[in-house]
Structures are given as structure tokens and as C-alpha cells.
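Read the structure below first, then the notes.
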Amino acid sequence: MTPPKTTTPKKPWTRAAALRAYEQMMRIRVFEEHANDLYLSAKMPGLTHMYTGQEAVAVGICEHLTADDTITSTHRGHGHCVAKGAAYPEMFAELLGREAGYCRGKGGSMHIADQENGNLGANAIVGGSAGIATGSGFSAKARGNGDVSVCFFGEGALGQGLLFEVMNMAQLWKLPVIYVCENNMYNEYTHYSEVTAGEILGRPQAFGMRTAHVNGQDINEVHTTAKDLIDRARKGEGPAFMLCDTYRYHGHHVGDIARDYYRSKDEEEEWKSTRDPINLFTAWLTSNFKITEDDLASIEAQIRSEAEQAVDFALNAPYPDDSEVDQHVYA
Amino acid sequence: MTPPKTTTPKKPWTRAAALRAYEQMMRIRVFEEHANDLYLSAKMPGLTHMYTGQEAVAVGICEHLTADDTITSTHRGHGHCVAKGAAYPEMFAELLGREAGYCRGKGGSMHIADQENGNLGANAIVGGSAGIATGSGFSAKARGNGDVSVCFFGEGALGQGLLFEVMNMAQLWKLPVIYVCENNMYNEYTHYSEVTAGEILGRPQAFGMRTAHVNGQDINEVHTTAKDLIDRARKGEGPAFMLCDTYRYHGHHVGDIARDYYRSKDEEEEWKSTRDPINLFTAWLTSNFKITEDDLASIEAQIRSEAEQAVDFALNAPYPDDSEVDQHVYA
Amino acid sequence: MSTPNVGTTETMTFAKAVNTALAEELRRDPTVFIMGEDVAEAGTPFKVLSGLVDEFGTERVIDTPISEAGFTGVGVGAAMTGMRPVVDIMFGDFLTLIMDQVVNQAAKIHYMSGGKLHVPLTIRTTLGATRRSAAQHSQSLHAWVSHIPGLKVALPSTPADAKGLMKAAIRDDNPVIIFEDKLSFQEKGEVPTSEDFVLPLGVADIKREGRDVTLIATSSMVQVALEAAKTLASDGIEAEVVDPRTTSPLDDATLIESAKKTGRCIVIDEGHRRYGASAEIAAVVSDGAFWWLDAPVRRLAAMDVPIPFAPNLEDLTVPTPADVVSEAVTLINP
Amino acid sequence: MSTPNVGTTETMTFAKAVNTALAEELRRDPTVFIMGEDVAEAGTPFKVLSGLVDEFGTERVIDTPISEAGFTGVGVGAAMTGMRPVVDIMFGDFLTLIMDQVVNQAAKIHYMSGGKLHVPLTIRTTLGATRRSAAQHSQSLHAWVSHIPGLKVALPSTPADAKGLMKAAIRDDNPVIIFEDKLSFQEKGEVPTSEDFVLPLGVADIKREGRDVTLIATSSMVQVALEAAKTLASDGIEAEVVDPRTTSPLDDATLIESAKKTGRCIVIDEGHRRYGASAEIAAVVSDGAFWWLDAPVRRLAAMDVPIPFAPNLEDLTVPTPADVVSEAVTLINP
Ligand SMILES: Cc1ncc(C[n+]2csc(CCOP(=O)(O)OP(=O)(O)O)c2C)c(N)n1
Ligand SMILES: Cc1ncc(C[n+]2csc(CCOP(=O)(O)OP(=O)(O)O)c2C)c(N)n1
Ligand SMILES: [Mg+2]
Ligand SMILES: [Mg+2]
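Chains as they are written, first to last, in this note's numbering: chain A, 6 to 336; chain B, 6 to 336; chain C, 40 to 373; chain D, 40 to 373.
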């Protein structure tokens with residue numbers, strides 16, 4: 006579980022890019038605060054899985070991507086969605102099942118997709134998007150357009166045979182796919198070590214795939230490592246597997262409150278207080294650029310006001326018309 | 006593809022055991038000569054896949070097993086079946102769809118099973134028996150009886166996600182399962198290197214599983230290596246993966262005659278003339294024991310006469326009664 | 040009327056009935072074990088298995104990796120070699136992942152071996168929508184496995200049936216798949232306390248007697264039918280509610296008998312309509328009761344759309360008591 | 040009568056018709072490609088794809104590892120991002136391995152995304168028994184996928200239909216699964232040479248007109264029905280043979296219309312009887328033609344047993360022309 010020590014170059018980004026990365030991480034954090042509130046106040050149907058704590062992974066990687074590059078996401082997908090460029094109003098509307106949502110309210114949190122920004126969708130089947138991401142890489146290669154495809158998944162997806170099948174093909178055919186394993190250490194309510202034999206990186210390495218292991222709480226490290234792997238893939242040098250150690254702050258889903266039987270409060274506290282990706286980046290930003298806590302606070306304030314407006318918008322947006330129920334079954 | 010050099014101890018078996026191993030290999034070879042004839046003379050329905058050339062693998066391993074140990078087999082299953090102790094008459098009868106067959110004629114070549122000798126069955130789904138073999142290992146462990154389970158499969162089964170899923174569990178739970186990959190280099194009509202990225206042994210090693218790589222044409226090497234792995238498994242030390250380099254002499258199935266487009270005659274000739282498992286063992290036997298070519302010839306003659314009788318028996322055995330068609334759907 | 044002469048009963052939830060059945064069988068037979076994702080300490084996300092690991096330990100209540108095909112395969116192999124595994128598939132939607140192990144392996148092994156090998160495997164999973172769980176966590180896919188010879192398929196609709204069918208499944212020498220309606224876990228009912236309360240697989244249960252129209256309803260739809268029957272009764276229409284309890288084997292005779300008696304029949308099932316369980320039942324009744332029917336057999340089923348997330352849309356996809364009432368009224372007064 | 044006004048035709052085998060359709064579409068549209076096991080040099084074990092790799096190369100006719108779920112998933116992702124993949128699943132029995140990618144992914148993505156994402160994926164596979172291939176290589180599992188909204192399912196029964204439906208599948212913006220009967224590959228027929236001979240999906244075809252009894256037959260069973268019709272004709276019974284051509288969408292209207300006309304209907308399908316495609320069709324006709332039917336709708340389908348290897352047993356499992364004749368005669372002269 007200890008990632009190899011890496012030396013992060015002093016300035017992996019320009020000032021503007023760094024601020025944007027900060028903004029994107031904060032955007033995820035704030036989105037989920039509101040989503041959580043909506044759930045707790047019984048305004049959101051169903052349940053949802055919070056990405057909070059893992060922001061550096063999605064943002065560190067997606068900041069390298071254009072709208073033509075694709076990603077696939079998971080049941081824990083808000084972070085990937087925001088990081089890939091989605092807008093608040095359509096996202097909140099989707100979580101609330103409103104017609105104004107990205108999927109006209111038909112997908113919800115577990116299926117949110119944003120085609121225009123290249124997000125091929127969250128997926129409620131663990132590992133279920135591994136084929137889709139690989140196929141998107143196949144398309145990119147077939148058309149030689151230099152696009153890449155990023156497959157985000159939790160370490161629990163290592164249990165799914167599908168992932169092994171497609172990694173073999175990606176490597177055989179040198180497809181531009183980055184497999185990003187977000188190891189937040191829990192498959193629902195079970196520690197991953199209880200259900201994962203051997204070494205995670207041994208799996209992609211068996212196929213001869215390039216791998217990297219990073220501290221997923223350090224966006225600089227994520228970003229720098231991702232750059233190399235993505236560049237390689239764009240050049241046709243094949244896929245890569247990136248293992249990111251990270252942590253989810255909330256329960257497995259919003260309803261998973263009493264969870265000490267599988268995870269201690271101390272462990273949670275430790276991650277939050279010493280390895281928070283936003284705090285770590287804040288410290289780095291303020292010491293490496295002429296950026297003050299105030300600058301960051303005003304970014305945050307702006308985001309919070311956008312969020313409130315978007316929540317308002319979404320709460321007042323209509324549900325899809327009943328007649329929509331049998332639309333979009335077929336194209 | 007070059008297995009690591011191993012030093013085979015001079016006498017891995019007693020004289021009697023060695024003769025039995027020879028007999029078992031010859032039994033497979035002769036069985037298939039007759040099966041092939043039956044097919045070519047249109048006496049056998051359907052089609053079948055020949056094991057000839059791979060005999061040292063099945064026999065080298067199964068000679069360590071008791072009837073309480075289990076195996077699972079593949080579409081290319083005659084060798085495993087004979088090696089695990091099956092009798093000719095019931096085997097031929099099964100291939101011909103007769104009631105006297107091991108499965109009352111309901112299974113045929115691709116589903117032949119022999120429960121009394123611990124053969125849980127051939128399987129026409131590539132990789133499809135990996136779960137069954139692992140579950141049998143689970144049973145053995147749950148009951149603590151020291152039995153092992155051997156899962157035979159071709160290298161093509163490495164494409165099936167299921168295998169990865171169950172290897173992970175076998176290693177996690179230290180199940181007494183030996184995964185035997187018979188690499189005969191072809192998935193049907195495609196060379197395995199075209200569809201298999203990276204290293205085969207990297208796959209089980211990813212799970213921390215013990216592995217071995219042997220020359221599958223040398224029964225001494227197979228037998229000696231298998232002993233260690235099986236002993237370990239019986240003692241509760243966990244599963245192992247054994248990679249055996251081997252070769253099928255016939256086409257993918259009996260009907261695969263014109264096959265130079267994927268495999269050269271030269272290659273075939275070379276394996277047959279220089280690496281035949283029976284020839285190699287004959288040379289070893291005659292130079293290491295007081296065994297003459299005549300001794301072996303008389304073993305072979307005995308087997309041939311048994312085979313002819315069994316074929317006669319099977320050809321004259323009745324098909325199952327029509328009323329059997331809906332029997333054994335449910336227990 | 041479902042469980043005559045079964046001795047003492049106790050009020051408990053559907054979830055508790057399942058839990059009790061499993062606990063009793065684990066106690067009775069050392070070859071029984073449970074495996075699945077988060078079945079042990081977590082007792083499954085629905086908490087249905089809570090406490091079992093405390094009594095039986097992690098060797099018999101086993102948390103697995105997220106490898107549905109793999110651990111189902113392990114279950115098949117264990118079942119072939121003397122164990123009686125209960126495999127837990129968290130959502131019925133994940134059947135998609137285990138079809139090969141269930142259909143090409145478990146279902147066929149007994150037959151392919153000429154009756155020599157046995158697969159006494161139980162798979163418990165879920166069905167049912169309207170939990171706002173969207174398209175990949177809301178399906179009712181029992182028609183698929185009901186289509187496959189060699190499998191038995193049970194759909195308990197009450198706590199008592201949940202206990203009796205689960206015990207039957209575990210004791211049966213064939214692979215049996217039990218679908219539990221996620222929304223019924225908290226429903227309460229009288230459950231026989233006997234440890235040998237085992238329901239036969241293949242026997243339908245008349246949940247309510249009536250003379251005017253037959254409502255054949257499965258699983259989640261039994262309560263819908265019973266509610267509809269209540270409303271209909273207030274209009275003087277007496278509906279008979281028949282619960283097949285197992286779609287395989289299907290108790291054709293009881294279904295046909297009821298339809299012959301009433302002359303009208305509606306089949307209500309939460310699977311999709313097209314090629315769903317409702318089609319088989321409707322076909323069986325249409326044929327078997329042909330000369331007695333006063334109206335066509337009608338089907339109410341989930342709409343043929345993926346289950347949408349939006350609550351208003353989702354609620355449209357599943358038959359309601361009002362739908363049943365209006366269909367029944369139309370059949371009776373066309 | 041199946042293909043009026045289609046211009047010139049040529050006699051060719053079913054296999055050649057499939058091959059031609061694929062070649063034409065590969066030529067027409069650079070986003071079309073084929074992937075599967077041994078599809079390239081080997082041209083599949085049935086040699087149906089022979090020669091395609093020579094014209095289109097290994098970048099567009101792609102041999103895969105034995106990873107059905109994996110390469111189907113790759114097909115889904117490629118389809119979502121601008122390609123039109125044709126995924127080859129060697130035997131229909133292996134659908135068991137790809138159900139998640141087909142059902143939880145391909146079928147639902149368009150709907151779940153509110154109509155934004157598309158999955159123009161074609162899956163070609165097989166059905167049918169009596170090739171002595173035993174239980175895991177002989178199934179006809181089209182009912183499963185027909186049950187799932189978002190999928191289309193085609194079952195060509197003639198060379199012409201094989202061409203027209205394959206082209207329709209490739210050009211359709213939805214996932215379409217085509218089942219080809221393994222025994223029909225060598226059957227010959229007239230096939231329109233037009234490169235735009237595309238059959239509509241969802242339109243049944245009356246393969247033979249008649250007034251006395253309707254035989255609704257799918258895929259392999261169409262020839263069985265036509266043979267039976269010939270025998271019946273010699274007894275003065277004129278059977279109408281209706282081929283739905285697609286089980287999803289199902290052309291209810293044409294099936295019902297025919298049954299109304301004849302008053303008698305037999306459904307013939309090679310899937311298992313229980314919960315099979317024949318159940319849906321029988322239910323649709325029983326309901327839609329209720330007031331016109333002179334006899335119950337009957338079903339002839341594969342027996343509800345795993346397909347046995349023994350030839351005498353296997354032959355019992357599948358409906359024959361004689362079975363159809365005897366059922367028709369019973370319906371007409373009860
Ligand atoms: C195939 C499948 N099996 C089980 C589930 C239920 N489930 C949802 S999330 C989850 C745990 C996933 O763990 P991981 O992949 O590590 O992702 P994380 O939740 O930690 O982000 C499980 C078992 C599912 N959605 N899909
Ligand atoms: C799941 C599955 N996919 C495809 C097939 C068709 N098929 C039968 S044997 C075979 C090749 C198997 O190769 P390998 O595993 O190396 O075994 P070998 O034939 O070489 O013994 C294939 C593709 C099958 N039976 N099952
Ligand atoms: Mg996790
Ligand atoms: Mg091979």
C-alpha cells in the first residue's frame with residue numbers, strides 16, 4: 006500500500022492551470038456537500054455514492070484531457086463528471102431526476118453521462134465500463150486521431166474478470182487506454198486486502214502493461230504521472246495502468262452511516278486531517294505561487310454561489326413528462 | 006516459450022509405476038487412434054478434439070491422484086479421462102452416444118465425466134470448468150480431507166475472465182487447486198501469441214500464486230514438478246499454476262484437415278519426430294530400467310486388443326431408450 | 040390459506056424469515072454455507088443476513104471478492120462435491136454476469152452426466168423496481184432462468200413462503216434460484232416456527248379465493264393483486280389470487296383450474312412484458328382453459344423500457360393495484 | 040413472396056449471403072469492422088466469413104482472444120464512439136458470457152443517457168440443435184435477448200433474409216442481435232444483388248399463404264413449417280406460414296391478422312418451450328385473435344431438456360414437419 010517515493014517536479018503547472026485544478030477539486034467537494042444535503046433532507050431520490058476525498062485523482066488526470074478524449078466512470082462518479090467538465094445545473098438536475106439533467110433524469114447519479122464533454126457515463130455494474138473504455142480506445146486508434154480513453158474504477162473492480170480480458174486486448178492492440186484504479190481500500194464494507202490476493206500492479210504487468218503507483222491524495226503526483234502515460238498512449242505506445250491510493254470520506258453510499266464495524270473513526274480522521282487532497286494542494290499552491298488563502302476563498306465562494314443557484318434550479322426544474330417513459334428505448 | 010531448464014532426478018518412479026505411466030500414455034494414444042477412425046468412418050456422431058501429443062501432461066499429473074482427488078477437463082478431454090482411470094468400454098460407448106457410456110450417451114466427447122474416478126467432466130465452454138475445479142478445492146478444504154483438485158485447460162482459456170476471478174479466490178483461501186495450463190500454442194486456428202499479451206506465468210503470479218513451467222512432453226519433468234505442487238496443496242499451503250508446453254498432433258478437431266494456413270507441416274513433423282512424449286519416455290525407460298522394447302510392445306498389444314474389444318462393444322451397444330430424453334433433467 | 044396445518048407461527052418480517060431459514064439450515068446441515076459480497080459482517084446491504092456470521096463464523100458465511108461469475112462457479116463445484124452452497128447475488132441485475140455458470144454448467148451437469156453428478160446449489164438474489172435504483176439495479180430477470188431446463192426458480196411473496204421456499208431450495212438436489220423482492224424485506228407476516236417447514240417446489244398457492252376473475256401474480260405483484268382484489272370486492276367482484284410460487288416447475292394445473300372456474304384471467308408479473316414470465320403463464324392458461332375462457336387472458340407486467348431513474352417515470356413502469364382493477368373491470372364488463 | 044420488387048437476384052447459400060452482406064457494408068462504410076474468435080484467416084469454424092480478411096485486412100476483420108465478454112464490451116465502447124462493430128459470437132450458447140455487456144450496457148445506454156449516446160452494434164451468433172454438438176453448443180437462446188428493451192433481435196430463415204437483415208442490423212443505430220441457424224448455412228436461395236437490399240426490422244413475412252391454419256415459425260423452424268405445409272396441402276389443408284423475421288420488434292399485427300383469418304394457430308420455435316419465444320407469440324395471438332380463434336394456440340418448441348448428445352435422443356427434442364402436421368390435423372379435426 007506504500008506507493009513508491011516519487012519526486013514531484015516543483016511546478017507541474019502554470020499558475021492559471023494550477024488555479025483551475027484547485028477550482029475543479031473544490032467544485033467536486035462542494036457539489037457533493039450539496040448532494041449529501043439533498044439526500045439527507047429527502048429531496049433526492051434513491052441513494053448515491055460520494056467521491057469526496059478522492060478529488061485529486063479525477064482532477065489530476067482529467068486536466069490532461071480534451072473534450073474529445075473520453076472517460077468512463079463508476080457508481081462513485083460525481084468527481085469524474087465534474088472533472089471532465091460537466092456543469093452544475095445539469096448535474097444536480099440529473100441527481101434529482103429532472104428533465105433538465107444530463108440524461109433527462111433517466112439515469113440519475115449512478116448513470117450520469119455527459120457526451121459533449123466525453124464522459125461516456127457512470128456505471129452501476131462494478132467494472133462494467135472496462136469494455137466501453139477499451140472500445141473507445143479502439144475507436145481512437147482506428148481513426149488515428151490521437152485521442153485517449155480513461156477508465157476509472159475502484160479496486161473492487163479487480164474482482165471482475167472483464168477487466169483482465171480487456172487489458173489483454175488493450176495491450177495486444179496498443180490501444181490508447183489508461184486504466185485508473187482508485188484504491189480507496191474498501192469494496193463496500195470489506196477491506197480490499199480481504200478479497201484481493203497478491204499485488205494489484207502484478208495484474209496489468211502480467212499483460213506487459215506499463216504501470217505506475219501514485220499517492221492519489223497528491224494532485225501534483227497524479228498529474229505528473231498521468232502526463233507521461235497519456236502522452237505515451239497518444240503516441241500509439243499503448244495502454245497504461247495507474248494505481249492511485251486514496252480514500253473516500255463518506256460511507257460507501259450516503260446511507261452508510263454506522264460504519265465502525267468495518268472502518269474506524271480514527272482511520273477516517275487521519276486521512277481527513279493529514280492527507281486531504283485539497284488541503285495538501287492549498288499548502289503547495291500558496292507556497293509555490295503568489296496565491297493567498299483569500300484568493301482560494303474567493304474561488305470557493307464563487308463555486309458555492311453557483312452551487313446554490315444550481316440546486317435551486319434543479320429543485321424547481323420539472324420532472325420529465327410522463328410520455329418520456331417509453332422514449333429513447335430505441336434510437 | 007522455452008521452459009527453464011530443470012534437472013529431473015534419475016528415477017522419479019519405481020519400475021512398476023513407470024510402466025503404469027507408460028501404459029496410461031499408450032492407452033490415451035490408442036484410444037484416440039480408434040476414436041479418429043470411428044469419426045473418419047462416420048460411425049461417431051458430432052466431432053471431437055484429439056489429445057494426442059499431450060499425453061505426458063495428463064498422465065504425469067494424474068498419476069499422483071487418487072479417485073477422491075478431482076479433475077476438471079476440457080473439450081480436448083479424452084486424455085484426462087483415461088489418465089484419471091476411466092475404462093475403455095464406457096468411454097467409447099459415450100463417444101458413440103450409447104447408453105452404456107459414462108453419461109448414458111447424453112454427454113458425448115465434449116462432456117464425458119467419470120464421477121467414480123473423480124473426473125468432474127469435460128467442458129465445452131473454454132475455461133468453463135475453472136469455477137468447478139476451484140469449488141471442488143473449496144469442498145476439500147472445508148472437509149479437511151487432504152484431497153486436491155486439478156483444473157486442466159488450454160492456453161486459450163487465459164482469455165476468460167473467470168479464470169482470473171477464481172485464481173484470486175483460490176489464493177486468498179489457500180484452496181488445494183492445481184491450475185494446469187496446457188500450452189499447445191493454438192487457440193483453434195490462431196497462434197496463442199497473437200491473442201496473449203505479456204507473460205502467461207505473470208497471470209497467476211499477480212495473485213501471489215506458486216507457479217512452475219515445464220516441458221510438457223517430458224513426463225518425468227511433469228511428474229516431478231507436479232508432485233511438489235500437489236503435496237503443498239494437500240498440506241494446505243495453497244494452489245499452484247503449472248504451465249506445460251505441449252503440442253496437439255491432430256487438427257483443432259477431427260474435421261480440421263487442411264490446416265497449413267495456420268500451422269506448418271514442418272512444425273508438426275518436428276514435434277512428432279523429436280518431442281513425442283511416448284518416444285521420449287520409451288528411451289528413458291529402456292535406458293533406466295531393465296525394460297525392453299518388447300516389454301513395451303506387449304503392453305501396447307494388450308491395450309490394442311482391449312481397445313478393439315471396447316470399440317466392438319460400443320458399436321453394438323444400444324442407444325439410450327427414447328424415454329430417457331427427459332430423464333435426469335432434475336435429480 | 041397458504042400454509043394449513045403448519046403448527047405454531049410467529050410474526051416476523053420477510054427479511055427475518057429468510058434469515059431464520061438460513062440459520063436453521065446452517066445449523067442442521069454442516070455442508071451448507073453462504074458466500075457472496077458483504078454477506079458476513081455487513082450481513083448484505085439489505086442486512087438480511089445480519090448475525091449469521093456471528094453464529095456460524097467466516098468459514099461458513101463467506102465474504103467474496105466482487106466476482107459473481109467466479110464465486111458462483113465455486114458454488115457449482117462445491118455443490119458437485121458434497122456441499123450445499125447458498126450463493127448470494129446482491130442484485131438480480133447481476134445475473135447477467137453468472138449466466139454461463141448457472142446455465143451452461145449448473146443447469147446441465149446432472150443431465151450431461153447421465154444423472155450421475157448433482158448440483159444442489161441455491162442462489163438467492165433480488166428482483167423489483169420502484170426503489171429509485173435505476174436501470175441496472177431494478178430488473179426482474181426471472182424469465183431467463185425459468186427458460187432453462189435443469190433449474191428451479193422460486194419467487195416467495197410472503198414471509199412464510201420466503202422461509203419455506205428457501206429451505207426447500209437448500210434441501211433440493213438441483214440448482215434453485217430464489218428471487219426476493221427488495222421492497223418486501225420489511226413486510227411482516229405469520230411464519231411457521233417448525234424447522235421442517237419446507238414448501239414443495241412446483242405447487243401454486245391460492246392466496247385468495249374468488250369466482251369472478253383469476254389474478255395470477257408473482258412475487259412483488261401478489262400484494263398488488265391482493266390490494267386490487269380488495270377494491271374489486273367492494274364493487275362486488277370476487278377475484279381469485281393465485282401465486283405460482285415457483286415459475287419452474289410451474290403448477291400449470293392449479294392455474295388452469297382457477298381460470299376455468301372464473302373464465303377470466305389476468306397475469307401480473309414484474310418482469311418486462313415481452314418474452315417475460317407473464318407470457319408463459321398467459322400461454323399456458325390460454326391453451327389449457329381455452330374452452331372455458333370468456334375473455335382473452337391479459338398480462339400486466341413491467342413496461343418494455345429500461346427502468347428510468349426519475350421517480351414519476353419509474354412508477355409508470357410497474358403494474359399497480361389500480362391497473363389491475365381497471366383491467367379486471369374491462370374484462371368483466373367489456 | 041418474401042422480397043417483392045427487389046431487382047435482380049442471384050442464387051447463393053445462406054453463408055454466402057451473410058458474407059456478401061458483410062462485405063458490402065465493410066466496403067460502404069469505413070466505420071464497420073468485424074471482431075471475434077477466428078474470424079480472420081480461418082473465416083470462422085463455419086467458414087462463413089471466408090475471404091473477408093483478404094479484402095479488408097486484419098485491422099477490420101479482427102481475431103480476438105477467447106474473451107467473449109471482453110470483446111463484446113470493446114464493441115459496445117467502439118459503437119458509442121462512432122464505429123459500427125459487428126461482433127461475432129461463435130455459438131449462441133456463449134451468450135451466457137456476454138449478457139452483462141449486452142443487457143446492462145448496450146441495451147440501456149441510449150435510454151439511460153436520455154437519448155444522447157448510441158450503440159450501433161451488431162452481434163451475430165447462432166442457434167439450433169441436431170448437429171450432435173450436445174448441451175453447450177446447441178441452444179437457441181433468442182428469448183433472453185428478446186426480453187430486453189433496447190435490443191433488437193433478428194432471425195433470418197432464408198439466404199435473402201440473411202442478407203437483408205444483416206444489412207439492416209449494421210445500419211441500425213441500436214444494438215441488434217442476429218441468430219443464424221447453423222444448419223442453414225448451406226441452404227440455397229435467391230438473394231437480391233442490390234447493395235441497398237435492407238429489410239425493415241419488425242416486419243413479418245408471409246412465407247406461404249393459406250386459409251386453414253397459421254403456422255408462425257422462426258429461423259430453423261420456417262423450413263419445418265413449409266415442409267409441413269406441403270404435406271398438409273396434399274390432405275387439402277392450406278397452411279399459412281408466417282415468419283416474424285424479428286422477435287424484437289415483433290410484428291404483432293401481421294401475426295394476429297393471419298390467425299384471425301385462419302382461426303387456428305401453431306407457433307413453432309427452436310428455443311425451449313417454457314418461457315421461450317413461442318410463449319410470447321402464443322400469448323400475443325391468443326389475446327389479439329381471441330374472438331376469432333376456433334382452437335387454442337398451440338406451441339411446438341424444443342423440449343425442456345438440455346440437448347442430449349445421443350442422436351436418437353437429440354432428434355426427439357426438436358419439432359419436425361411430422362409434429363407440425365399432426366398438431367395441425369388435431370387442431371382442425373379435434
Ligand atoms: C458487478 C457488481 N457487483 C456488485 C455490485 C454492488 N457494489 C456496488 S459498489 C461495490 C463496491 C465497489 O468497490 P470499489 O470498486 O472499490 O469502488 P468504491 O465503491 O470503493 O469506489 C459493490 C460490491 C455492483 N454494483 N456491481
Ligand atoms: C467460451 C468459448 N468460446 C469459444 C469456444 C470455441 N472454441 C472451442 S475450443 C477453442 C480454442 C481453445 O483453445 P485452447 O484453450 O488453447 O485449447 P486447445 O483447443 O488448444 O486444447 C475455441 C475458441 C468455446 N468452446 N467456448
Ligand atoms: Mg474501493
Ligand atoms: Mg491451445
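All residues carry an ideal CB built from backbone N, CA and C; glycine is no exception.
query                                                                                                                          : result
Spatial distance of D/Lys202 from A/Val64 (CA atoms)                                                                           : 48 Å
Option nearest C/Ala267 by Cα separation, candidates C/Ile307, C/Asp291, C/Leu240                                              : C/Ile307
Buried versus exposed, by CB contacts within 10 Å (16 or more), D/Arg313                                                       : buried
Any 3 or more C-beta pairs closer than 8 Å across the segment 328 to 343 of chain D and the segment 297 to 304 of chain D      : yes
Under 7 Å from the C-beta of B/Glu170: neighbouring residues of chain A                                                        : Gly164, Gly166
Residues near A/Ala22 by beta carbon distance below 6 Å, same chain, minus five either side                                    : none
Three-state class that DSSP yields for A/Ile183 in the structure shown                                                         : strand
8 Å Cβ cutoff met for A/Gly110 and A/Arg103                                                                                    : yes
DSSP three-state assignment for C/Thr286, whether helix, strand or coil                                                        : strand
8 Å Cβ cutoff, D/His157 in contact with chain A                                                                                : yes
Supposed close pair A/Thr57, A/Tyr44 - CB separation, criterion 8 Å                                                            : The pair is not a contact, with the Cβ atoms about 13 Å apart (cut-off 8 Å).
With 16 other Cβ atoms within 10 Å as the buried cut-off, status of B/Ile262                                                   : exposed
Span separating the alpha-carbon of C/Thr356 from that of A/Tyr252                                                             : 38 Å
Proximity test, Cβ basis, 8 Å: D/Gly116 and chain C                                                                            : no
Three-state class that DSSP yields for D/Val66 in the structure shown                                                          : The displayed chain sequence assigns Arg, not Val, to residue 66 of chain D. It is helical.
C-alpha gap between A/Cys108 and A/His83, whole angstroms                                                                      : 14 Å
7 Å Cβ cut-off: residues of chain D touching A/Thr75                                                                           : Thr120
Short CB-CB distance (under 8 Å) between B/Arg109 and chain C                                                                  : yes
Contact under 8 Å by Cβ, D/Glu234 with B/Tyr267                                                                                : no
Chain A contact for D/Ser185 (CB, 8 Å cutoff)                                                                                  : no
Proximal residues of chain A, C-beta to C-beta of C/Glu76 below 8 Å                                                            : Asn192, Glu193, Thr195
Chain-order list of residues whose beta-carbon lies under 8 Å from that of A/Thr195 (same chain, five-residue window excluded) : Tyr267
Three-state class that DSSP yields for B/Cys86 in the structure shown                                                          : helix
Contact test: B/Gly161 Cβ vs ligand 4 heavy atom, cutoff 7 Å                                                                   : yes
Short-range partners of chain C found in the segment 111 to 144 of chain A, where Cβ spacing is below 7 Å                      : Lys111, Gly112, Gly113, Met115, His116, Ala129, Ile130, Val131
A/Leu177 at chain B interface by Cβ criterion, 8 Å                                                                             : yes
Chain C contact residues for D/Val336, given Cβ-Cβ distances below 7 Å                                                         : Ser325, Asp326
Proximity test, Cβ basis, 8 Å: D/Tyr314 and chain A                                                                            : no
Minimum Cβ-Cβ distance from C/Met205 to chain D less than 8 Å                                                                  : no
At least three beta-carbon pairs within less than 8 Å, the segment 283 to 291 of chain D to the segment 190 to 207 of chain D  : yes
Span separating the alpha-carbon of B/Ser78 from that of B/Leu168                                                              : 14 Å
Nearest neighbour of C/Gly249, chosen from C/Ala278, C/Lys269, C/Ala272, C/Phe236 [CA to CA]                                   : C/Ala278
Contacting residues, own chain, Cβ-Cβ under 7 Å from D/Val364 (five flanking each side not counted)                            : Ala267, Thr270, Leu271
Extent of the continuous beta strand (DSSP E) run through C/Ala340                                                             : 337 to 341
Close-in-space but distant-in-sequence residues of the same chain around C/Lys227 (CB under 7 Å, 5 per side omitted)           : Thr50, Met51, Thr52, Pro198
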